[in-house]
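This report concerns only the one structure given below.
There are 2 protein chains.
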Amino acid sequence: MAVGKCEFPQMHAVAGIKLGTACAGIKQTERDDLLLIEMAEGASCAAVFTQNAFCAAPVLVAREHLAMQPRYLLINSGNANAGTGEQGLLDAHHSCTAVAQLGEKSAEQVMPFSTGVIGEALPIAKIVAALPETQANLMEDNWHKAAHAIMTTDTFAKGYSKVVEIEGHTLTITGMSKGAGMIQPNMATMLGFVATDANISQSLLQQCLAAAVEQSFNRITVDGDTSTNDACVLMASGKSTLPEMTAESAALPVFQQAIQDACMHLAEAIIRDGEGATKLIKINVQQAQNEAEAVQVAKTIAHSPLVKTAFFASDPNWGRILAAVGRSGVERLDVEQISIYLDDVCIVEKGGRATSYTEAAGQKVMDKEEITVTVVLGRGEVGQQVLTCDFSYDYVRINAEYRT
Amino acid sequence: MAVGKCEFPQMHAVAGIKLGTACAGIKQTERDDLLLIEMAEGASCAAVFTQNAFCAAPVLVAREHLAMQPRYLLINSGNANAGTGEQGLLDAHHSCTAVAQLGEKSAEQVMPFSTGVIGEALPIAKIVAALPETQANLMEDNWHKAAHAIMTTDTFAKGYSKVVEIEGHTLTITGMSKGAGMIQPNMATMLGFVATDANISQSLLQQCLAAAVEQSFNRITVDGDTSTNDACVLMASGKSTLPEMTAESAALPVFQQAIQDACMHLAEAIIRDGEGATKLIKINVQQAQNEAEAVQVAKTIAHSPLVKTAFFASDPNWGRILAAVGRSGVERLDVEQISIYLDDVCIVEKGGRATSYTEAAGQKVMDKEEITVTVVLGRGEVGQQVLTCDFSYDYVRINAEYRT
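As you go down the protein sequences, you meet chains W and Y in turn.
For the first sequence, the numbering used here begins at -13 and goes up steadily by one.
For the second sequence, the numbering used here begins at -13 and goes up steadily by one.
Encoded structure:
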């Protein structure tokens, strides 16, 4: 049911970053569900995590271990190890210890990640048993298998890979993400892992990641539900010939943009695979007074079940978009200044139906698979874009049947 | 598809309040869609309106006319006269003038209300043509027809009627509401009309209504979408033998509670008729620091598509409730203090799955048609309740097909 082309790209290996998968049989036994990522000595690692107050045990542990120069990431799908209390924390620590023993590192150098059903005990014995296989499979050229191993309700594996040239040196950026439901990331996405061979300090890498995530993963929503397990990691192995970047480097803005492009691509892939999605909707709010109110208006539209079902029905029911803008909570909103467009068709001007609008023109846009809604607020200079998908029978089916 | 018993009650006439209906053929020609309510001379009238910035033309006009001692309410279903710009305002004023001419009052004494599809021109000629019939039909004992005339996607007419005794005098309270979708009233509901024969000043009546609505219509949500046309009106004809109430009257708190009971009943009826609803969910947040955060947590749960689809599936997927509490945005939420119950079954304690919880016990509650979710925050003394319904295939079907 994914929207548009979702082919898995050719993934360029990143020197110094190895990946190994195995089937631990956590939820099913048909495919790999465990992934170990090993970073070369001296690599930097940045990460952002969910802001959900009920964050999962692995998030608590990974957040703590981020400061300890991590060398391993351990990711399992099929079980979120969330809402699992004291035992969940013990299990997350246990998995780190097991990885550390294999790799002769300390447990604090392992960051654990889990994704899947909430509230069931992590089958830690199965995970520990499968670890040696993941280690045996560690290879730099293993992103395809890795991206499949972290999937849950995803219908396709999500990858991005690009070799950029900066000041005569090549830099590789390769990443993957997963997620299709419980998606309204807040400071991070469900799970995203991006690697590069850049030379960069941890603190600068963390700044790059935070800025990129804010404009990518934090601008998408499937259902408004922020997961307990969201995390996005950026690894930099330092193996590129490009000299180490500092805050003053001319290369830094180029690198920053390249990381943001990677995050945006991976974030968009999540929306294309939104649970039950048949359409990709870009909601573009312009002329806001600030970023916060632009995002507020865009997300109110993106979360409206009435707007989302109208898109599913390809119904140009623009009144629902207008009503969502009106209830978005922006203070002193002057509806007389507002215009709304479906692609390039003006549907609302001066707060009412545009005189030039025809149902036929609206229908033509609504029949497309990818649609941009542009809301011009007429009160400032700031624009922001949020990506979402429509709301279909299949969303209900997928989430009504998820645990059965 | 309505939840539970939704029989229309026996409606006691309210002296001094007459209702007349007609079929104007606004959207369909099968049933009455136009209602005129006439208040006796000297009646007080209070009203609250939607906070949506894009409020409909009739809301703008009714809000203005509220101060002019209104004698008539004119309500049409089938067309919201919202998003209709300058022409919509002209049409709303036109309808007031037409009523005023019939009744030999001024146009400012008429409050117009519209509900139905957004963004289409109000068929004002049809309305004006049907007005004489509504006037000819004016009767005190006409609530049954009136409640049907204001329906849109409602599957049953919603009424409430009670005769209360205060200080040896009888007071009648009779009201009706409509609404099934685009329901997250903010200061008012889709449409609610309550009448009483109490003697009470407009300002005191307005206070009573605002307080009652805050704890009733403002505590329900179907889909989180606040309509452009929400309005709730309370009329007091002054025909009761009970002497006029003042702010000091011992009778006032009794009256206030009776009005709140009426509003609560009518609000609950809207949720029982929520679009596609198969279950009525009461979300009860206790031990909050203040009312605002209690409502914030309750509404986050009530709006979660994942929680709502789990209820539809009768799946005790409590992890979704926990995740919604965690993302509700309450600052410094200590998850260790939180307990969550499905009816009387404890599902979460100290932030994790309750040790006493069994899937069988959770399933038993989820199989019911009416379920109470109780969230104990453990950080204060304040409790609040929000009512919602589940999210079914039929919600998608109804809203995908609405205009076709």
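From the three backbone atoms N, C-alpha and C, an ideal C-beta is built for every residue, glycine too.
Name the one or two DSSP bridge partners that residue -8 of chain Y has. Partner(s): none; residue -8 of chain Y has no beta bridge.
Should residue 298 of chain W be flagged as near chain Y, meaning a C-beta pair shorter than 8 Å? Yes, contact with chain Y.
Which residues in chain W have a C-beta closer than 8 Å to the C-beta of residue 67 of chain Y? List them in chain order. Within chain W, no residue comes near residue 67 of chain Y; the closest Cβ sits about 11 Å away, beyond 8 Å.
If you count every other CB in all the chains shown that lies within 10 Å of the CB of residue -9 of chain W, and 16 or more means buried, which is it? Its Cβ having fewer than 16 others within 10 Å, residue -9 of chain W is exposed.
Coarse secondary structure for residue 302 of chain W, derived from DSSP in three states: Residue state for residue 302 of chain W is assigned as coil, using DSSP reduced to three classes.
Less than 8 Å separating the beta-carbons of residue 263 of chain Y and residue 140 of chain Y? The beta carbons of residue 263 of chain Y and residue 140 of chain Y sit no closer together than 8 Å.
Hey, would you say residue 226 of chain W sits closer than 8 Å to residue 117 of chain W, going by beta carbons? Going by C-beta atoms, residue 226 of chain W is not nearer than 8 Å to residue 117 of chain W.
Opening and closing residue of the alpha helix (DSSP H) in which residue 121 of chain Y lies: Segment 110 to 122, the alpha helix (DSSP H) holding residue 121 of chain Y.
Measure the C-alpha to C-alpha separation of residue 138 of chain Y and residue 30 of chain W and round it to an integer number of angstroms. Straight-line measurement puts the Cα of residue 30 of chain W at about 60 Å from the Cα of residue 138 of chain Y.
Give me, in chain order, the residues of the same chain whose beta-carbon lies closer than 6 Å to that of residue 59 of chain Y; leave out the 5 immediate sequence neighbours on both sides. Result list for residue 59 of chain Y: 23, 97, in chain order.
Coarse secondary structure for residue 384 of chain W, derived from DSSP in three states: If DSSP states are grouped into helix, strand and coil, residue 384 of chain W belongs with the helices.
Note down, one range per segment and in chain order, each beta strand (DSSP E) of at least 3 residues found wholly within the region 198 to 228 of chain Y. Those beta strand (DSSP E) runs which fall completely within the region 198 to 228 of chain Y and span 3+ residues are 217 to 222.
Just how far apart, CA to CA, sit residue 26 of chain Y and residue 233 of chain Y? Taking C-alpha positions only, residue 26 of chain Y is separated from residue 233 of chain Y by approximately 23 Å.
For chain W, find out if any of its Cβ atoms is closer than 8 Å to the Cβ of residue 336 of chain Y; answer yes or no. Judged by the 8 Å Cβ criterion, residue 336 of chain Y is in contact with chain W.
Whose CA, out of Y/101, Y/126, Y/88, Y/91, lies closest to the CA of residue 62 of chain Y? When each option's Cα is compared against that of residue 62 of chain Y, the closest is Y/101.
Would you be able to state if there are at least three C-beta pairs under 8 Å between the region 314 to 333 of chain Y and the region 351 to 361 of chain Y? Touching, per the Cβ criterion.
If you run the structure through DSSP and keep just helix, strand and coil, what is residue 258 of chain W? Note: residue 258 of chain W maps to helix in three-state DSSP.
What residue range is occupied by the uninterrupted beta strand (DSSP E) comprising residue 362 of chain Y? Taken as a continuous stretch (DSSP letters only), the beta strand (DSSP E) holding residue 362 of chain Y covers 356 to 362.
Take every Cβ of the region 270 to 287 of chain Y, pair it with every Cβ of the region 296 to 305 of chain Y, and state whether three or more of those distances are shorter than 8 Å. No, because fewer than three Cβ pairs between the region 270 to 287 of chain Y and the region 296 to 305 of chain Y fall closer than 8 Å, the two stretches do not touch.
is_contact[residue 182 of chain Y, chain W] using C-beta, thresh 8 Å: Not one chain W Cβ lies under 8 Å of residue 182 of chain Y.
From the beta carbon of residue 209 of chain W, is the nearest beta carbon of chain Y less than 8 Å away? Closer than 8 Å to some Cβ of chain Y, the Cβ of residue 209 of chain W qualifies, so yes.
Are any of the Cβ atoms in chain C nearer than 8 Å to that of residue 102 of chain Y? Absence of chain C from the displayed structure is noted, the protein chains being W and Y.
In the DSSP assignment, find the alpha helix (DSSP H) that holds residue 352 of chain Y and state where it starts and stops. Segment 345 to 352, the alpha helix (DSSP H) holding residue 352 of chain Y.
Between the alpha carbons of residue 223 of chain W and residue 187 of chain W, how many angstroms are there, rounded? Cα atoms of residue 223 of chain W and residue 187 of chain W: separation of roughly 10 Å, rounded to the nearest angstrom.
Give me, in chain order, the residues of the same chain whose beta-carbon lies closer than 8 Å to that of residue 276 of chain W; leave out the 5 immediate sequence neighbours on both sides. In the same chain as residue 276 of chain W, and ignoring 5 residues on each side of it, the C-beta atoms closer than 8 Å to its own belong to 366, 368, in chain order.
Are the C-beta atoms of residue 327 of chain W and some chain Y residue less than 8 Å apart? Among the CB atoms of chain Y, none fall inside 8 Å of the CB of residue 327 of chain W.
Contact set for residue 381 of chain W: own chain, Cβ-Cβ below 6 Å, skip 5 residues either direction: Same-chain partners within the cutoff: 261, 262.
What does residue 295 of chain W touch in chain Y if you count any residue whose Cβ is under 8 Å from its own? Correct list: 381, 382, 385, 386.
Measure the alpha-carbon distance for residue 132 of chain W versus residue 145 of chain W and round it to whole angstroms. So the alpha carbons of these two residues sit roughly 10 Å apart.
Straight-line gap, residue 237 of chain Y to residue 379 of chain W (C-alpha atoms, nearest Å): The alpha-carbon atoms of residue 237 of chain Y and residue 379 of chain W are separated by roughly 52 Å.
Are the region 65 to 80 of chain Y and the region 241 to 255 of chain Y touching by the rule of at least three beta carbon pairs closer than 8 Å? By the Cβ test, the region 65 to 80 of chain Y is not in contact with the region 241 to 255 of chain Y, since fewer than three Cβ pairs between them sit closer than 8 Å.
Measuring only the C-alpha atoms, how far is residue 87 of chain Y from residue 104 of chain Y? So the alpha carbons of these two residues sit roughly 28 Å apart.
Coarse secondary structure for residue 173 of chain W, derived from DSSP in three states: For residue 173 of chain W, the predicted model reports a pLDDT of 48, less than 50, meaning its position is unreliable; a value from the coordinates is still stated below. In this structure, residue 173 of chain W counts as coil in the three-state DSSP scheme.
Under three-state DSSP, which class holds residue 316 of chain Y? Coil, per DSSP.
Under DSSP, the beta strand (DSSP E) around residue 369 of chain Y begins and ends at which residues? Its beta strand (DSSP E) spans residues 368 to 375.
Can you look up residue 74 of chain W in the DSSP assignment and give me helix, strand or coil? Helix.
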